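**Q** Mapping the sequence shown onto the UniProt record's numbering, position 94 (from 1) lands on 94, and the numbers just tick up by one. Where a beta carbon is used, it is the ideal one built from N, C-alpha and C, also for glycine. Note that the structure is a prediction, hence the values are computed from the model and not measured. Handing you this structure, nothing more for now.
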Amino acid sequence: MFSILRPRQLLGEKLSGISIKGLTDLENQLDMSLRSIRMKKEQILTDEIKELNRKGNIIRQENIELTERANLVYQENIGLQKKVYGTRGRNEANETPGYNFINLQLSRPQGQRNDTSLNAMKLGLQLHYKAD
């Protein structure tokens, strides 16, 4: 049915001397090749979309889990603050903590001279509270 076509004929070159039937066969062969190429391209794009959707779902699930973990840590922190600072009131319990940060510094003990404890360091804890 199909005659042997040279690459130049597939590119639309050197078509002189080919009969109408030969040109029709060439056109049909090119149409079938183009359909096959388009189907392959569509399949590859469909597979890539499915893979990206799968990865997006995994990321959304991880985000949900991390949000739940962050909320749990936040609730634990509120509980620890209540234990450390006592309950300030029902309205303040769900607010942000009453301090900005904790600054830990090493300092030498004051009032000691040439003592073996002179070289010992003391851990000083400073809490900086927000002005309400």
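So does Asn57 have its beta carbon nearer than 7 Å to some heavy atom of the ligand PLP?
**A** The ligand PLP is not part of the structure shown, which contains no ligands of any sort.
**Q** Please confirm whether Leu23 and Leu15 have their CB atoms less than 8 Å apart.
**A** Looking up residue 23 in the sequence shown gives position 23. Looking up residue 15 in the sequence shown gives position 15. In contact: Leu23 and Leu15 (Cβ atoms closer than 8 Å).
**Q** Please give the ranges of any alpha helix (DSSP H) in the UniProt domain "K-box" (1–78), keeping only runs that are unbroken, at least 4 residues long and fully inside the region.
**A** Counting whole runs of 4 or more residues, the UniProt domain "K-box" (1–78) contains the alpha helix (DSSP H) stretches 7–10.
**Q** Taking the C-alpha atoms as reference points, what is the distance between Asn28 and Met39?
**A** Along the sequence shown, one-based indexing puts residue 28 at 28. Along the sequence shown, one-based indexing puts residue 39 at 39. In a straight line, the C-alpha of Asn28 is about 16 Å away from that of Met39.
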